[in-house]
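Each remark here refers to the structure printed beneath this line.
Residue numbers (full-length UniProt numbering): 1 to 356.
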């Protein structure tokens, strides 16, 4: 069931489009990430959903009700801002109870709800502490508890983890995702962090210049991006300009010919076409010269060893490839080493170039 529907939503500031004719449906009970670079319109789109910005045109409905002109305080949505906006002079319990006080909920009901939420975020022993006495992760949990205290129908998270260090950020990604799944609350989260979106989302909405480029499950977007922007933004990839040679082959920048399995929706133009192959799909092994199909000869120019995985940059005479492997598969990769790089036909995807 779809709860939130945006139809032809546009937001202009003077003559510039911050959000450009967006159509989007958000499924009930799912966590959806708005993902894109700074200035792509993702935060403006969330502010329109929250009621903090009024769209220039278009409509927004939630559970069948038109909310396009409904004020933010009448939408029954919870929101966590990047700054968290907790009250430093209040205790943890008082911060969580604040939206209940605004609704004039009786004190006994407030106490029950606060106790329930403190258990949910695993901070029952910190009810009487000031929020200034908490760690970054604990403050984050309190902000989420306050946002859901009044049982909102939609939870909006605006880059809530951006101020945390890398280790805590990864831990909080898991915590927020588990909490969202436990509550079953429809959630929209804004982030510029591809890994964060891939880790947390049921669906990702990739945005560029105010427009939605692609909507889909994380793995679908990673494996089947619709164009060069999405392929490049969503993760590390080899993206090469190529020329099509019939329906089942391409010519690489170095003149090498590769067999491919062309998807029905793959671009067929003679220019404006790119080859995408993810590093983990490039099979690298020692050896020279290349003779097997879809195998290129090259020389390793850089090796990045991060323990569980190895990334190797390979000069293939006319272009470079990145291959991702493991120490077990290829234990002795080093700079200057001649190698063979196999690009399996099933892993070669043709996509539209930027602006094509």
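Backbone N, C-alpha and C define an ideal beta-carbon position, used for all residues, glycine too.
Proximity winner among the options, relative to residue i (alpha-carbon distances)
i: residue 192; options: 100, 158, 47; result: 158
i: residue 301; options: 355, 337, 107, 19; result: 337
i: residue 357; options: 127, 32, 325; result: Absent from the structure is residue 357, since the part of the chain shown begins at 1 and ends at 356.
i: residue 90; options: 33, 134, 68; result: 134
i: residue 96; options: 319, 245, 129; result: 129
i: residue 202; options: 188, 137, 228, 93; result: 188
i: residue 49; options: 71, 207, 36; result: 71
i: residue 353; options: 273, 308, 287, 311; result: 273
i: residue 64; options: 7, 39, 37; result: 7
i: residue 355; options: 41, 160, 228; result: 228
i: residue 152; options: 196, 287, 103; result: 103
i: residue 194; options: 179, 180, 162; result: 162
i: residue 36; options: 243, 206, 123, 73; result: 206
i: residue 171; options: 105, 321, 200; result: 200
i: residue 327; options: 340, 126, 307, 315; result: 307
i: residue 260; options: 39, 164, 343, 122; result: 343
N- and C-terminal bounds of the beta strand (DSSP E) containing residue i
i: residue 207; result: 203-208
i: residue 193; result: That residue, residue 193, is in no beta strand (DSSP E); it is neither H nor E in DSSP.
i: residue 305; result: 295-305
Any non-hydrogen atom of the ligand NAD closer than 7 Å to residue i Cβ
i: residue 94; result: What this structure holds is no ligand at all, so the ligand NAD is not there to describe.
Beta-carbon proximity list for residue i, same chain, < 6 Å, skipping 5 on both sides
i: residue 226; result: 214
i: residue 276; result: 231, 237, 239, 349, 351
i: residue 245; result: 251
i: residue 114; result: 93, 96, 97
i: residue 243; result: 251
Own chain residues within Cβ distance below 8 Å of residue i, not counting five before or after
i: residue 53; result: 11, 44, 47
i: residue 131; result: 86, 87, 88, 90, 91, 92, 95, 139, 142
i: residue 77; result: 49, 50, 51, 152, 153, 154, 155, 156
i: residue 110; result: 97, 100, 101
i: residue 67; result: 51, 60, 61, 75
Own chain residues within Cβ distance below 7 Å of residue i, not counting five before or after
i: residue 9; result: 19, 22, 48, 55, 58, 60
i: residue 30; result: 186, 202, 203
i: residue 319; result: 240, 252, 253, 254
i: residue 247; result: 262
i: residue 17; result: 10, 210
i: residue 333; result: 300, 303, 310, 312
i: residue 221; result: 204, 206, 214, 230, 234
Range of the contiguous alpha helix (DSSP H) that encloses residue i
i: residue 47; result: 42-50
Rounded separation between residue i and residue j - CA only
i: residue 81; j: residue 149; result: 16 Å
i: residue 198; j: residue 218; result: 5 Å
i: residue 256; j: residue 223; result: 24 Å
i: residue 298; j: residue 345; result: 19 Å
i: residue 168; j: residue 176; result: 12 Å
i: residue 296; j: residue 137; result: 48 Å
i: residue 41; j: residue 208; result: 7 Å
Fill in: Segments assigned beta strand (DSSP E), at least 3 residues, entirely inside the segment 98-176
List check, beta strand (DSSP E) in window: 154-158.
Fill in: alpha helix (DSSP H) runs contained entirely in the segment 197-262, provided each spans 4 or more residues
If only complete runs of 4 or more residues are kept, the segment 197-262 shows the alpha helix (DSSP H) at 218-223, 228-234, in order along the chain.
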